[in-house]
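**Q** Right, I'll just put the structure down here and ask away after.
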Amino acid sequence: MRHSIGMVVIALAVTFPGANGVAATYSIPPEQVDVQKVYVGAPSGFEKAAKVDYESVIKATPEYEEVKRKRIEPGTGKYWILLSKASNRAVRAISEVGQNTGHDFIASQAYLGGLEPGIPSEDITPLVLDRVKDVSKSSKDHDLMDKSGDKDESRSARKRQ
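Residue numbering for the sequence shown follows our numbering, starting at 52 and increasing by one per position.
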């Protein structure tokens, strides 16, 4: 009986190599590394890769929406400040989603798609877009509360005078 159980375990290990608990480790060849396209993790060794459409995430930020709504001229100081804030918000959201989903490497969708050999990855763009929208909504709610609180304090101050 003991012999047949051992044979079953060996047969399962051979049939399902990923079932032994050891995950595949991937790396990007040094000549293909582009650190500007990597948002989370090290290209030299990772197990669970994800890709994200960075441009879509930037366009979903309130800062980018402000650039479009106010028709801020490209190249101006205000334009670059808002795009920098949009980029910071996007990278923060990407990092948070990566932590929540267990991805140890996240890079640009276009970048990962062009690597040879290809690396299997999950598209987390919808999750990141949801995160950006959630954070933006809570920031707006917080700003509205602050503004309404300021008005109440101003009225109270006027009444005391």
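Glycine included, C-beta positions come from ideal geometry on N, C-alpha and C.
Quick caveat, the model's predicted, so the values are computed rather than measured.
The beta strand (DSSP E) spanning Ser-159 covers which residue range?
**A** Position 108 of the sequence shown, counting from 1, holds the residue named residue 159. It spans 156-159 - the beta strand (DSSP E) in which Ser-159 sits, taken as one unbroken run.
**Q** Which residues in the same chain as Ser-159 place their Cβ atom closer than 6 Å to its Cβ, once the five residues preceding and following it in sequence are excluded?
**A** Against the sequence shown, residue 159 aligns to sequence position 108. Counting only Cβ-Cβ distances below 6 Å, and skipping sequence neighbours, we find Lys-88 and Tyr-105.
**Q** Determine which residues share a DSSP beta bridge with Val-91 and list them.
**A** Looking up residue 91 in the sequence shown gives position 40. Note: Val-91 sits in a beta bridge opposite Ile-157.
**Q** How far does the beta strand (DSSP E) with Val-259 in it reach, from first residue to last?
**A** Look at the range of the chain in this structure, 52 to 212, and you will see that residue 259 is not part of it.
**Q** What is the residue span of the alpha helix (DSSP H) that Ala-101 lies within?
**A** Mapped onto the sequence shown, residue 101 falls at position 50. It is not in any alpha helix (DSSP H) - Ala-101 instead sits in the beta strand (DSSP E) that spans 100-103.
**Q** Report yes or no: do the stretch 136-145 and the stretch 106-116 share at least 3 C-beta pairs separated by less than 8 Å?
**A** Verdict: yes, contact present.
**Q** Secondary structure at Ser-135, three-state DSSP: helix, strand or coil?
**A** As a first step, residue 135 is located in the sequence shown; it is residue number 84 there, counting from the start. Helix, per DSSP.
**Q** Could you please give the first and the last residue of the uninterrupted beta strand (DSSP E) stretch that includes Glu-116?
**A** Here residue 116 is taken as the residue at index 65 of the sequence shown, counted from 1. Counting along the chain, Glu-116 falls outside any beta strand (DSSP E), though it belongs to the alpha helix (DSSP H) covering 113-120.
**Q** Using only the alpha-carbon positions, how far apart do Ser-135 and Tyr-115 sit?
**A** Working through the sequence shown from its first residue, we reach residue 135 at position 84. Working through the sequence shown from its first residue, we reach residue 115 at position 64. Cα-Cα distance, rounded: 10 Å.
**Q** What is the rounded straight-line gap between the Cα of Gly-128 and the Cα of Val-103?
**A** Counting from one through the sequence shown, the residue named residue 128 turns up at place 77. Counting from one through the sequence shown, the residue named residue 103 turns up at place 52. So the alpha carbons of these two residues sit roughly 28 Å apart.
**Q** So Ala-100 packs on Tyr-77, CB below 8 Å; how close in whole Å?
**A** For the purposes of this step, residue 100 is taken as residue 49 along the sequence shown, with counting starting at 1. For the purposes of this step, residue 77 is taken as residue 26 along the sequence shown, with counting starting at 1. Right, their Cβ atoms sit about 6 Å apart.
**Q** The beta strand (DSSP E) spanning Ser-172 covers which residue range?
**A** Against the sequence shown, residue 172 aligns to sequence position 121. It spans 172-174 - the beta strand (DSSP E) in which Ser-172 sits, taken as one unbroken run.
**Q** Excluding the 5 residues preceding and the 5 following Ala-93 in the sequence, name in chain order all residues of the same chain whose CB lies nearer than 8 Å to its CB.
**A** To locate residue 93, count along the sequence shown from 1; it is residue 42. Cβ neighbours of Ala-93 beyond the five flanking positions: Phe-156.
**Q** Please state if the CB of Val-91 and the CB of Gly-149 are separated by a distance shorter than 8 Å.
**A** Counting from one through the sequence shown, the residue named residue 149 turns up at place 98. Counting from one through the sequence shown, the residue named residue 91 turns up at place 40. Cβ atoms of Gly-149 and Val-91: closer than 8 Å.
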